[in-house]
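Novice: Please see the structure below; I have some questions.
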Amino acid sequence: MQQNNKSKILIIATNHSSYPGANAVGQAHISYPSNTYIIRVPDPVMFPEDFYINSFKKGISGIIIMSSGSDCPYEGAYKRLSKRIENVYIKMKELNISTERLRLTTICTVCREAFIKEISDMERIVSK
Amino acid sequence: MSDNNLNEAQKRVGVYVCHCGGNISDVVDIKKIVDEISKYHSVVVARDYVFMCSSNGQSLIEDDIKNMGINRIVVAACMPSLHELTFRNAIQRAGLNPYLYEHINIREQVSWVHKDNPQGATSKAILLIKAGVEKVLMQDPLNAIRVNAEHRVLIIGGGISGMRAAVSSADNGIEVVIVEKEKKLGGKLNRDGYVYPSDEKAVDIVNKFSKKILSNPLIKVYTESEIINIGGYVGNFDIKIKKTDGDIDNIKAGSIIVATGFDHYMPYDGEYGYKKSDYVLRLKEFIELLSKSDGLEFVFKGKKINSIGFIHCVGSRQNEGIDAPQADGKVNEYCSRVCCTSGIYTMNKLKEKFPDVNVYDVYADIRTYGMESESLYEIASKHDVIFFRRPLDERPQITFEGDKIKITTTDILSFNERLEMEVDMLVLLTGMKPSEIDDISGYLKLSKSTNRFLQEVHPKLRPVEMNINGVFAAGTSLSPMDITESLQSAQTAAMKSAILLSNPDIPLDPFVAVVDEERCTGCGRCVEECLYSGAVTITEKTIDGNIKKVAYVNPAMCKGCGACVAVCSERAIDLNGSRLSQFEAMIDAIVKE
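Order-wise, the sequence lines are chains A and B.
One rule links them: number in the numbering used here = place in the first sequence (from 1) + 430.
One rule links them: number in the numbering used here = place in the second sequence (from 1) + 2.
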């Protein structure tokens, strides 16, 4: 996979779902670029909209929010998260930040292929 | 001095980098990491060790806490689910609050995924560890929340593993609920035939366990029932069981053992001639046929059977591009482990009953592992079973000529000669495949391996433990294994569950919302945003002599999702152990270089 060494991709991964999913990718020894930084969170619903904007301003090139989606153990959290991200997209447009640089997706504990695809897609976007 | 009152200069961080044998150090430059991290602010000591999780590794941390006054710990090692508790316990033994610790995963998320880029992997590890230092510097000491635990274990599946786990759990005084989808207990052992190595009748084993279970007042059995939802957490799982009559029972359990077993691999129509002829059988079908066949001659559907061919690895050890993929597009690359022994055991049974039947065995590799099982191969040789070894990437060809079945194969044992043999019957040694338990694994968010079986946290260090606290797995839900191994894993799961439930309460991580009452304006946005009614409320408090409305978090009801954190403009509500400011500091560290 092509790697952009300068850009940094932040991956927000959930304790229950996508963080174990990222570990499953490791256990399968599947390679992906090293400019990816995973932070483990209870649920991305905890982040205010400005958290994403400030992260871009600080120098993060792309953010992939790997949520638990409809499997989320916190019932209703995904709906609130989606609404929050919609608002972030509006702010990004106002600030002329490409909305492609923020991706909300769902990764389960065994979603190895989907995990790799998300990174590959974001890698392409931040390399532009 | 209380840790809460330490100023920045008094926070002394120790960083411990694990080689994990060579799993980490073969890819990342550990020396470079330690050199660089040693110079990072607030880091008093950085060390590396071949296995940080070992007693010696843990002692390094404990000694530094005691002798150097280290009061914040960062461990860079494998995934946290494996050893977070190990290091917390070590830190606690040394007298430090166990939550003043951050675990950085540089194995599954660095060395194992960046093997082709050691330099990038090393740089990434350094940044992640620096981010971990920033996070732990802002970490407060916390105390575990203790919750009452239900002294009841739910066992999903009433096969041999589930039955063994039930009996062992009840022997330890734990209440048991077994949920079985079939009409009676026993699972796949409810069949004719014998089992190795004890030569017992399969149904006798089922009956022995069933009697114990059905006469034990601590064990409740639901048959023809299914689980339609599981919620809650360790100590307090909420389970909905749909019974035969359609009624739903709600039960609570402190722990769960998943013993859902396996499914037999079913050859597709035409695979090695299956379903093209009545005389091509799966091993399971052949065992049942053999147990019902008596007399001097082996006769099936009017035809005298003089010769039988056996084909190994049907549905197992498959190769991409050679074998047809499964429903998920993948082939079964794993070895089913029991088919060789079971097949050769059955060949011996056949020869004991019908010694004149010629037996031809076509295999790629034979695994009759175990002291007693190994002798089965020798006995088969003495019975004049003729073995042919095919190349791993070649499949025997099956054709039909009259009432004969022709097997054509390359035989490595005769220097790759192409051989043809005609037989009256063909038996396919079909393997195991994971049972369809997407509903159960979905409710519990269980990890699965690339082979689609349930995945233990670690097969050696934490066998039968699943990624969800309080959930264990037993038997062939984990991987192909024989009855002896299934019983062992079921016993292990039952013991681990009993240890967990041996105390009246269970410690839970204290990662719940917390309110800074000085900052809080009592606006109530957090209450509106909270997903759990009653977890956050507004209350009146006297602060500095003034009555003030502030948010109050009920720690027993808060699930720690953090939805409230995002909407607080005053940043007065936050999550213990996962504060917003901690993540911001981590990002600052990641983007700094």
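C-beta atoms are modelled at their ideal positions from N, C-alpha and C, and glycine is treated no differently.
Remember, it's a predicted structure, so these values are computed and weren't measured experimentally.
Who are Q121(B)'s beta bridge partners in DSSP?
Specialist: According to DSSP, which records beta bridges pairwise, Q121(B) is partnered with nothing at all.
Novice: I'd like to check one pair, M483(B) with R339(B): are the Cβ atoms closer than 8 Å?
Specialist: In contact: R339(B) and M483(B) (Cβ atoms closer than 8 Å).
Novice: Quick check: what's the CA-CA separation for E177(B) versus D66(B)?
Specialist: 44 Å
Novice: Would you say the stretch 472-492 of chain B touches the stretch 330-350 of chain B, given that touching needs at least three Cβ pairs under 8 Å?
Specialist: They touch, by the three-pair rule.
Novice: Can you check whether the C-beta of A568(B) is within less than 8 Å of a C-beta belonging to chain A?
Specialist: yes
Novice: Relative to the C-alpha of G195(B), which residue among D367(B), S293(B), Y224(B) is closest?
Specialist: S293(B)
Novice: Using the three-state DSSP reduction, which class does Y18(B) fall into: helix, strand or coil?
Specialist: strand
Novice: From the DSSP output, in three-state form, read off Y482(A) for me.
Specialist: helix
Novice: Touching or not, the stretch 459-467 of chain B and the stretch 304-312 of chain B, by the rule of three or more beta carbon pairs under 8 Å?
Specialist: no
Novice: Mark M70(B) as exposed unless 16 or more other C-beta atoms lie within 10 angstroms of its C-beta, in which case mark it buried.
Specialist: exposed
Novice: DSSP state of H85(B), grouped into three classes?
Specialist: helix
Novice: Are the stretch 508-520 of chain B and the stretch 571-578 of chain B touching by the rule of at least three beta carbon pairs closer than 8 Å?
Specialist: yes
Novice: Decide if E531(B) is buried, meaning its Cβ has at least 16 other Cβ atoms within 10 Å, or exposed.
Specialist: Per the 10 Å Cβ criterion, buried.
Novice: With 8 Å as the C-beta to C-beta threshold (strictly closer), list the residues of the stretch 104-121 of chain B near chain A in chain order.
Specialist: N107, R109, E110, Q111, V112, W114, V115, H116, K117, D118, N119
Novice: Could you name the residues of the same chain whose beta carbon sits closer than 7 Å to that of V169(B), not counting the 5 residues immediately before and after it, in chain order?
Specialist: F211, K214, I215
Novice: Between the stretch 493-508 of chain A and the stretch 519-528 of chain A, do three or more beta carbon pairs fall short of 8 Å?
Specialist: no
Novice: If you drop the 5 nearest sequence neighbours on each side, which residues of the same chain put their C-beta closer than 8 Å to that of K513(A)?
Specialist: none
Novice: What does DSSP give as the partner residue(s) for R542(A) in the beta ladder?
Specialist: According to DSSP, which records beta bridges pairwise, R542(A) is partnered with nothing at all.
Novice: Taking 8 Å as the cut-off, decide whether the C-beta atoms of V197(B) and I485(B) are in contact.
Specialist: yes
Novice: Enumerate in chain order the residues of its own chain whose CB-to-CB distance from V593(B) is below 6 Å, with the five nearest sequence positions on each side excluded.
Specialist: none
Novice: Touching or not, the stretch 114-123 of chain B and the stretch 82-100 of chain B, by the rule of three or more beta carbon pairs under 8 Å?
Specialist: Judged by Cβ distances under 8 Å, the stretch 114-123 of chain B makes no contact with the stretch 82-100 of chain B, as fewer than three pairs qualify.
Novice: Sort I131(B), C80(B), F455(B), K355(B) by Cα distance to D440(B) and report the nearest one.
Specialist: Nearest option by C-alpha distance: F455(B).
Novice: Check the Cβ of I460(A) against every Cβ in chain B and list those closer than 7 Å, keeping chain order.
Specialist: V115
Novice: I want to verify the contact list: residues of chain B whose CB lies under 9 Å from the CB of N517(A), in sequence order.
Specialist: Near N517(A) there are no residues of chain B at all, since even the closest Cβ is about 11 Å away, more than 9 Å.
Novice: The alpha helix (DSSP H) spanning M399(B) covers which residue range?
Specialist: For clarity, residue 399(B) is Gln in the given sequence; the question names Met instead. That residue, Q399(B), is in no alpha helix (DSSP H); its beta strand (DSSP E) goes 399-403.
Novice: Chain A partners of T452(B), CB-CB under 7 Å?
Specialist: A458
Novice: Skipping 5 residues on each side, what residues in its chain have a beta carbon closer than 8 Å to that of Q433(A)?
Specialist: With a pLDDT of 49 at Q433(A), under the threshold of 50, the modelled position of that residue is not reliable, and no figure is offered here.
Novice: Please compile the residues from chain E whose C-beta is within a distance smaller than 8 Å of the C-beta of D473(A).
Specialist: The structure shown contains no chain E; the protein chains it does contain are A and B.
Novice: Mind the definition here: the stretch 184-191 of chain B touches the stretch 502-510 of chain B only if three or more C-beta pairs lie below 8 Å; say whether that holds.
Specialist: no
Novice: Within the 8 Å Cβ cut-off, does Y508(A) reach chain B?
Specialist: Closer than 8 Å: no.
Novice: Are the stretch 14-30 of chain B and the stretch 42-50 of chain B touching by the rule of at least three beta carbon pairs closer than 8 Å?
Specialist: yes
Novice: Any beta-carbon of chain B closer than 8 Å to the one on M552(A)?
Specialist: no
Novice: Using Cβ-Cβ distances below 9 Å, what residues of the stretch 390-412 of chain B are close to chain A?
Specialist: none
Novice: So what's M3(B) in DSSP terms, helix, strand or just coil?
Specialist: Summary for M3(B): the model assigns pLDDT 46, below 50, so the residue's position carries little reliability; its value from the coordinates is reported in the next sentence. In the structure shown, M3(B) sits in coil (DSSP, three-state: anything other than H, G, I, E or B).
Novice: Got a sec, what are the start and stop residues for the alpha helix (DSSP H) N465(A) sits in?
Specialist: No alpha helix (DSSP H) holds N465(A); DSSP gives it neither H nor E.
Novice: Check whether chain B comes within 8 Å of E548(A), counting only Cβ atoms and requiring the distance to be less than that.
Specialist: no
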